[in-house]
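Worksheet: one structure, shown below.
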Amino acid sequence: MSKFFRNKMIMMRSILASIPFCLRHLPLRQAVKLPILVYKPKYRSQKGQFVIDCPNVRFGMIRMGFLRCALYPDTGISFKNYGQIVFKGTCLIGNDSYIVCGKQGKIVFGNDFKNTGCMRITSQCGVSFGKSARVGWETIIMDTNYHPLWDMEKKKFKRAFSPISIGDYNWIATQCYVMQGVVTPERCIFGARSVITHSGPFESYCVHSGSPLKILTRNVMRDYEHDHIYDYSL
8 MSKFFRNKMI MMRSILASIP FCLRHLPLRQ AVKLPILVYK PKYRSQKGQF
58 VIDCPNVRFG MIRMGFLRCA LYPDTGISFK NYGQIVFKGT CLIGNDSYIV
108 CGKQGKIVFG NDFKNTGCMR ITSQCGVSFG KSARVGWETI IMDTNYHPLW
158 DMEKKKFKRA FSPISIGDYN WIATQCYVMQ GVVTPERCIF GARSVITHSG
208 PFESYCVHSG SPLKILTRNV MRDYEHDHIY DYSL
């Protein structure tokens, strides 16, 4: 089968799944434009809300589950939504990704959010991304650890959850863990397998990496207009 016809079949399959999704979750004036395209969606719950909060709503501006990274299975995207998932503009979430939003949870994707595959997000109180955030493969973002610890001296449970706020133009590389309470400024870069906790340190235009997190390089940024390597010859 040619690439052209394969792409047409993928789009048709997506449209067939997206029509009932948009009609169920969006106002009719938005739903008729099919702004959200889902590919191979799996729903553990659809009791929550999906909201598009931007002035220019258009066909396919939000795409979730499409095969974007061949390193991971072509399994689409899975949802368990009891809360609210908000899109501030265009959004791309790749294949083999999972999104869980609890009854008191809220996930906000800023305009121009991109992940090409295998992202895990769970929110029980709040996760938000600024504009043009980038999230790498196998990254886990969670605003709760689900299991509070009992303080034997104070005779009460320690708080085990707190909202996450990721700044504009942040790049979170592959296999990072973003834990509860993290608040980052704009233009932060986090290296592969970093464990990102609320204690930081966080600085704009810096590469942060490791566990515990430390700053490796200053005065650097990701230039989205020159974002790929095309020639690997030595």
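Take the sequence shown: its letters are residues 8 to 241, numbered as in my numbering.
Don't be surprised by glycine CBs; every beta carbon is placed ideally from N, CA and C.
If you're wondering where the values come from, they're calculated on a predicted model, not measured in any experiment.
Inter-residue spacing [alpha-carbon to alpha-carbon] between residue i and residue j
i	j	result
V202	H154	18 Å
P2	T181	The chain is shown from 8 up to 241; residue 2 falls before or after that span and cannot be answered.
L44	D238	33 Å
I179	I69	20 Å
K40	K162	55 Å
F66	T204	37 Å
S211	F136	15 Å
M18	P48	13 Å
L78	K95	29 Å
G83	M16	15 Å
C195	C213	6 Å
Y105	R51	11 Å
P80	F120	21 Å
G109	S240	48 Å
D60	D175	17 Å
R75	E232	19 Å
I100	S85	11 Å
M186	N152	8 Å
According to DSSP, residues forming a beta bridge with residue i
i	result
Q91	Q56, K113
F136	I173
T129	V107, M149
R75	R75 pairs with nothing; no bridge assigned.
F86	Y50, I106
L156	DSSP lists no partner for L156.
Coarse secondary structure for residue i, derived from DSSP in three states
i	result
F120	strand
M242	The structure shown does not extend to residue 242, since the chain is modelled only from 8 through 241, so no value can be given for it.
K161	coil
Residue i at chain B interface by Cβ criterion, 9 Å
i	result
C195	Here there is only one protein chain, and chain B is not present.
Problem - Stretch pair the stretch 125-132 + the stretch 214-228: three plus CB contacts closer than 8 Å - result: No contact exists between the stretch 125-132 and the stretch 214-228.
Problem - 3-residue-minimum beta strand (DSSP E) runs that sit fully inside the stretch 166-241, ordered along the chain - result: Within the stretch 166-241, the complete beta strand (DSSP E) runs of at least 3 residues are 171-173, 195-197, 213-216, 221-225.
Handout entry: Contiguous beta strand (DSSP E) assignments of at least 3 residues, all confined to the stretch 20-72
Key = DSSP runs (the beta strand (DSSP E)) wholly in the stretch 20-72: 43-45, 48-52, 56-59, 69-71.
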